[in-house]
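A.B. asks:
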Amino acid sequence: MTMSRTARIYTTGNSQIVILPAECRFEGNEIFVHRDPATGDVILSRKPHSWDGLLELQGLADVPDDFMRPTDRRERPHDRDPFEGWTE
């Protein structure tokens with residue numbers, strides 16, 4: 038189990054700046070930010086440089102023709118924690 042680290046937070050105008058420890062730094066100058074609706078936790082994750090890897094996997098997979106029909110694409114988002122029940 039890894040030990041949690043803390044980060045410094047500064048406020049400037051209506052924004053906040055988070056200073057991450059060196060071992061938690063991201064490459065590039067943009068990341069994804071998500072707030073868990075159940076806990077309020079803010080999750081930072083790297084933003085891929087491109088989606089080429091995902092698109093390549095799609096070409097390799099044996100995906101049924103009826104996967105993700107137009108009706109599936111209109112489904113509303115689920116309010117669930119994707120990490121619920123996950124442990125290290």
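Going by my numbering, the sequence shown opens with residue 38, and the numbers climb by one from there. Quick reminder that beta carbons are idealized off the backbone N, C-alpha and C, glycines included.
Helix, strand or coil for L81 per DSSP?
C.D. replies: Within the sequence shown, the letter at position 44 stands for residue 81. In this structure, L81 counts as strand in the three-state DSSP scheme.
A.B. asks: With the cut-off set at 8 Å, would you say V70 and L57 are in Cβ contact?
C.D. replies: The residue labelled residue 70 in the question sits at position 33 within the sequence shown. The residue labelled residue 57 in the question sits at position 20 within the sequence shown. Their beta carbons are not under 8 Å apart, which means V70 does not touch L57 by this criterion.
A.B. asks: Less than 8 Å separating the beta-carbons of P74 and D116?
C.D. replies: Position 37 of the sequence shown holds residue 74. Position 79 of the sequence shown holds residue 116. Yes, Cβ-Cβ distance for P74 and D116 is below 8 Å.
A.B. asks: Pick helix, strand or coil for T124, following the three-state DSSP scheme.
C.D. replies: As a working mapping, residue 124 is identified with position 87 in the sequence shown. Three-state result, T124: coil.
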